[in-house]
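Please read the structure below before turning to the comments.
Protein chains: 2
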Amino acid sequence: MRKVFQNELAKLEDELVTIARLVEQAISDATAAFKTSDIELAETVADRGSEIEQACNALDETAIDLLARQAPVASDLRLVVTALRISSSFARMSDYALHIANLARHRYPERAIPKGLKKYFVEMGRLDTEIVGRLIVMLREHDPRLLEEIDDVDDQIDELHVRVFEKVLSGRFADDEASIVDATLASRFHERFGDHAVSIAKRVADL
Amino acid sequence: MRKVFQNELAKLEDELVTIARLVEQAISDATAAFKTSDIELAETVADRGSEIEQACNALDETAIDLLARQAPVASDLRLVVTALRISSSFARMSDYALHIANLARHRYPERAIPKGLKKYFVEMGRLDTEIVGRLIVMLREHDPRLLEEIDDVDDQIDELHVRVFEKVLSGRFADDEASIVDATLASRFHERFGDHAVSIAKRVADL
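Protein chains in written order, with our numbering: chain A, 1066 to 1272; chain B, 1066 to 1272.
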């Protein structure tokens, strides 16, 4: 029974890693679509979003089925509940990737990325992709020291978020209302993406 | 055993209603603080946020404890897992109330609420408060028909969200960058608040 249970927990872990890889691709594509106003790429982010949602639902079913059949207690129980929560955070991260891609779609054929801010958003996207990469390693290796690294990457995202807002509020960012709205939302979406990554890392570290 | 379990489920439900009442107060206070730039009121929203976080953590512990001791299956198991998810959504709604209150704090002594948009945000706040009120009834009475009403209120919030963005993007909304940023974020926070309420209502309806 114990061995069966361990195999099932390993399956949950595999499913989380698969979801994380999809989220990594989604945020990378969303950043590129936002940068170049690439509508077709933005649409692949929407397709990937549906795929992630299905994968999260499947994982939730696996976890609930496991609770029902095995009735785990103590640390095993917490592990299954944690898997449910991590899947929910990944679903939110996928939503943020989709929101970023949608900014490109809504503003088309104009460029969604405001002039003078392109480099910040490209860097935020790179850090988002990096943070998911480290989460995948953490999910695989259960090394709590990775939490600190993930926290550092999130701090860098937060710094860029503050800088984008400073730029927008400075008045020197002389652009139209649409650019200000897009910059505000895109920056916020990247910041929240990073926050969710930290929240997942904390949950893994607490296991 | 069954009776004990039913009592414990009823306790979970009571805890959810208590959390919902705190969230209702938080969004109502946050809307008022945002409207009048009332710093002291904004700070009570932060205090209430900590209270809600503690209540959500306590509920999560009750639910996990219940899973461990009673090992529920089938619909009872889904009910406990649903309670965990609802508590997580209420925690997010509390965060959105706090974000709205923080817009008032960050912009003080300026008014955070952009000129010409005050009525929209007051109405969004009223609808947010109304939507939580209906959620509380739904949690108590388990009447799935309330989902439709909650969906309607959310549609009204979404309409106001679109109107705020139209106003901001129209160019007739001749205000400074800070007002555009605040309007964009506040409107988004209200919209997300409503979305979480619908997501909770769907979960209750599915039970």
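We put the CB at the ideal spot given by N, CA and C, even for glycine.
It should be emphasised that the depicted structure is a prediction, and the values quoted were computed from it without experimental measurement.
Taken in chain order, the complete alpha helix (DSSP H) segments of 4 or more residues contained in the segment 1104-1140 of chain A are 1104-1135. Burial state of histidine 1164 of chain A is buried, judged by a 10 Å Cβ sphere holding 16 or more other Cβ atoms. Interface residue (Cβ-Cβ distance to chain A less than 8 angstroms): alanine 1243 of chain B is classified as such. A straight line joining the alpha-carbon of arginine 1228 of chain A with that of glutamate 1080 of chain A spans about 36 angstroms. For serine 1153 of chain B, the C-beta contacts it makes with chain A under 8 angstroms involve Arg1150, Ser1153, in order along the chain. The distance from the Cβ of isoleucine 1178 of chain B to that of leucine 1124 of chain B is about 34 angstroms, inconsistent with a contact at the 8 angstroms cut-off.
Residue ranges of uninterrupted alpha helix (DSSP H) with 4 or more members, entirely inside the segment 1182-1260 of chain B and ordered along the chain, are 1183-1206, 1211-1234. Taking C-beta atoms under 8 angstroms as the contact rule, tyrosine 1161 of chain A and isoleucine 1104 of chain A fail to qualify, at a distance of about 19 angstroms. Neighbours of threonine 1249 of chain B in chain A, taken as residues at a C-beta separation under 7 angstroms, are given in chain order as Val1246, Thr1249, Leu1250. The three-state secondary structure of tyrosine 1173 of chain B, taken from DSSP, is coil.
Within 9 angstroms of the CB of isoleucine 1129 of chain A, the CB atoms of chain B belong to Leu1142, Arg1143, Val1146, in sequence order along the chain. Leucine 1077 of chain B: member of the alpha helix (DSSP H) spanning 1067-1101, first to last residue. Contact of arginine 1172 of chain A with chain B by beta-carbon distance below 9 angstroms is absent, the smallest such distance being about 10 angstroms. Counting only Cβ-Cβ distances below 7 angstroms, alanine 1136 of chain A has contacts in chain B at Ala1136, in chain order. Within 10 angstroms of the beta-carbon of valine 1110 of chain A lie 16 or more other beta-carbons, which makes it buried. Cα atoms of isoleucine 1201 of chain B and glutamine 1221 of chain B: separation of roughly 19 angstroms, rounded to the nearest angstrom. Contacts between glycine 1236 of chain A and chain B, judged by CB atoms closer than 7 angstroms, involve Glu1242 in chain order. The residues Asp1094, Ala1097, Ala1098, in chain order, have a CB closer than 7 angstroms to that of leucine 1106 of chain B in the same chain once the five nearest residues on each side in sequence are set aside. Not a single CB atom of chain B sits nearer than 8 angstroms to the CB of leucine 1182 of chain A. In this structure, A:Leu1168 is the residue among A:Ser1152, A:Leu1168, A:Leu1131, A:Asn1122 with its C-alpha nearest to the C-alpha of valine 1246 of chain A. Straight across, the Cα-Cα distance linking serine 1154 of chain B with lysine 1184 of chain A is about 34 angstroms. Residue nearest to serine 1115 of chain A within the set A:Phe1070, A:Ser1252, A:Ala1156, A:Thr1249 is A:Ala1156 (criterion: CA-CA distance).
Under the 8 angstroms criterion on CB atoms, alanine 1133 of chain B is classed as interfacial with respect to chain A. Distances from the alpha-carbon of phenylalanine 1258 of chain A to those of A:Ala1243, A:Val1138, A:Glu1242, A:Asp1219 put A:Asp1219 closest.
When only Cα atoms are considered, histidine 1171 of chain A and asparagine 1072 of chain B end up about 50 angstroms apart. In the three-state reduction of the DSSP assignment, leucine 1272 of chain A falls in the coil class.
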